[in-house]
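Reviewing the structure listed below.
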Amino acid sequence: MKLKAIASAIGVAAALTLSQGAWAQMKISISVAQNSHQGIAIDTMAKEVEKRTNGRIKIQPFYSGSLGGERESIEAVQLGTQELTFTSTGPVPNFVPEARILDIPFLFRDKAHARAVLDGPIGQEMLAKFEAKGFKALAWGENGVRHMTNNKRAVNAPEDLKGLKMRTMENPVHIAAYKGFGIVTTPMAFPEVFTALQQGTVDGQENPLSVIMAAKFEQVQKHLSLTGHVYSPAIFLMNKAAFDKLSAADKQIFLDAAKEAVKANRARVDEDDAKGVAELRSKGMQVIDVDKAKFVSALGPVNAEFEKQFGKANIDRIRAVK
């Protein structure tokens with residue numbers, strides 16, 4: 001009996017070792033370049049996890065959509081074929097519908113307001129909703145405040161958008177809003193966008209300055225209008241089964257590493273926003289400061305629909321955060 005007990009104990013120890021080894025090498029991906037606000041996020045995450053686990057757990061970053069676009073990476077994390085991703089919330093409502101409310105145009109006053117919402121009770125409640133869908137949402141990061149670019153004409157007012165064929169994220173809230181502007185929406189995965197702009201498949205796109213710069217869209221887009229129409233969150237997602245297999249100490253390490261990564265990510269967004277307009281102008285883009293109030297007003301009917309869809313009280317709760 002003693003021999004059986006010893007053999008059993010050895011088997012359990014071996015299984016544990018194999019299990020730990022299986023999770024010692026993980027993958028994380030983004031759809032934009034390494035030299036970007038998202039690149040610094042996943043590089044910091046990987047560095048912090050390796051440092052805090054003394055090298056027991058290594059995370060290998062993948063950039064520029066090399067493992068697929070954002071939707072594909074979220075699917076891979078949900079299925080467990082990939083452990084982690086850092087993604088904008090663009091395709092997230094296809095997996096966690098409750099997150100749609102965060103993509104309402106002009107919902108947030110500015111980045112400080114958005115960060116206060118996401119880091120506070122509302123954001124934390126939202127993170128918890130991912131668990132039922134097979135994810136552990138580690139932390140909210142930032143994609144940035146979105147602006148519009150195109151190759152057809154200068155966009156000074158909402159009516160200038162009518163008929164423009166614009167690439168949009170695969171996001172139902174964005175698509176509904178942009179149709180309200182009269183835009184011909186073309187949902188498309190991010191890795192395909194540069195070529196689509198280059199070939200004229202679409203006239204334009206909309207993204208934060210950080211993304212516009214990282215993707216070098218100034219090479220294929222002439223006009224940039226500073227519409228600031230949507231604040232775009234980002235999020236660290238981990239396969240829930242992979243997270244659940246970690247020890248309690250390692251779970252905390254992942255959560256703390258994600259927080260450090262978010263600090264670096266947001267700092268880079270702030271840096272890009274501070275220098276982006278001058279840099280893009282120097283590279284030949286025509287940058288237009290628009291009257292944002294006109295764009296807000298143009299979306300009146302769409303926002304009325306959003307109030308019905310999401311509940312006015314829920315929207316007001318977000319807007320009331322200081």
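Okay, so the sequence shown: first residue is 1 according to our numbering, each after it adds one.
Beta carbons: idealized from backbone N, C-alpha and C, even for Gly.
Bear in mind that the values here come from a model prediction, so they are computed numbers and not experimental data.
Per-residue DSSP class, three states only, for residue i
{"i": "residue 265", "result": "helix"}
{"i": "residue 115", "result": "helix"}
{"i": "residue 307", "result": "helix"}
{"i": "residue 200", "result": "coil"}
{"i": "residue 275", "result": "helix"}
{"i": "residue 149", "result": "strand"}
{"i": "residue 287", "result": "strand"}
{"i": "residue 181", "result": "coil"}
{"i": "residue 65", "result": "coil"}
{"i": "residue 2", "result": "With a pLDDT of 43 at residue 2, under the threshold of 50, the modelled position of this residue cannot be trusted; read the value that follows with caution. DSSP places residue 2 in helix when its eight states are reduced to three."}
{"i": "residue 78", "result": "helix"}
{"i": "residue 44", "result": "helix"}
{"i": "residue 315", "result": "helix"}
{"i": "residue 31", "result": "coil"}
{"i": "residue 55", "result": "coil"}
{"i": "residue 299", "result": "coil"}
{"i": "residue 320", "result": "coil"}
{"i": "residue 402", "result": "The chain is shown only over 1 to 322; residue 402 falls outside these bounds and no answer can be derived."}
{"i": "residue 70", "result": "helix"}
{"i": "residue 294", "result": "helix"}
{"i": "residue 259", "result": "helix"}
Burial state of residue i, where buried means 16 or more other Cβ atoms lie within 10 Å
{"i": "residue 91", "result": "buried"}
{"i": "residue 11", "result": "Below a pLDDT of 50, predicted positions are generally treated as unreliable, and residue 11, at 39, falls in that range; no measurement from the model is reported."}
{"i": "residue 125", "result": "exposed"}
{"i": "residue 281", "result": "exposed"}
{"i": "residue 31", "result": "buried"}
{"i": "residue 82", "result": "buried"}
{"i": "residue 233", "result": "buried"}
{"i": "residue 38", "result": "buried"}
{"i": "residue 97", "result": "exposed"}
{"i": "residue 206", "result": "buried"}
{"i": "residue 305", "result": "exposed"}
{"i": "residue 88", "result": "buried"}
Same chain, Cβ closer than 7 Å to residue i, neighbours up to 5 away in sequence not counted
{"i": "residue 302", "result": "176, 177, 180"}
{"i": "residue 240", "result": "131, 134, 135, 136"}
{"i": "residue 186", "result": "165, 166, 167, 168, 202"}
{"i": "residue 48", "result": "257, 260, 261"}
{"i": "residue 161", "result": "155, 181, 182, 183"}
{"i": "residue 40", "result": "264, 265, 268"}
Assumed close pair residue i, residue j - CB separation to whole angstroms, cut-off 8 Å
{"i": "residue 202", "j": "residue 165", "result": "5 Å"}
{"i": "residue 169", "j": "residue 225", "result": "About 18 Å; that fails the 8 Å criterion."}
{"i": "residue 144", "j": "residue 210", "result": "5 Å"}
{"i": "residue 59", "j": "residue 24", "result": "Not a contact, Cβ separation roughly 10 Å."}
{"i": "residue 109", "j": "residue 266", "result": "Their Cβ separation, rounded to whole angstroms, is 16 Å, which puts residue 109 and residue 266 out of contact at 8 Å."}
{"i": "residue 361", "j": "residue 250", "result": "Only positions 1 to 322 of the chain appear in this structure, which leaves residue 361 out of reach."}
{"i": "residue 69", "j": "residue 189", "result": "3 Å"}
{"i": "residue 85", "j": "residue 260", "result": "Actually they do not touch by this definition, with Cβ atoms about 18 Å apart."}
{"i": "residue 158", "j": "residue 292", "result": "So it is not a contact: roughly 10 Å between Cβ atoms."}
{"i": "residue 99", "j": "residue 93", "result": "5 Å"}
{"i": "residue 77", "j": "residue 237", "result": "5 Å"}
{"i": "residue 122", "j": "residue 319", "result": "Their Cβ separation, rounded to whole angstroms, is 11 Å, which puts residue 122 and residue 319 out of contact at 8 Å."}
Any non-hydrogen atom of the ligand NAD within 8 Å of residue i CB
{"i": "residue 83", "result": "As far as ligands go, the structure on display features none, and thus does not contain the ligand NAD."}
Same chain, Cβ closer than 8 Å to residue i, five either side skipped, listed in chain order
{"i": "residue 119", "result": "140"}
{"i": "residue 272", "result": "37, 144, 208, 209, 210, 213"}
{"i": "residue 276", "result": "209, 210, 212, 213"}
Residues near residue i by beta carbon distance below 6 Å, same chain, minus five either side
{"i": "residue 29", "result": "62, 67, 73, 85"}
**Contiguous beta strand (DSSP E) assignments of at least 3 residues, all confined to the region 80-111** = 84-88
**Complete beta strand (DSSP E) runs within the region 186-257 (minimum length 3 residues, chain order)** = 204-208, 223-239
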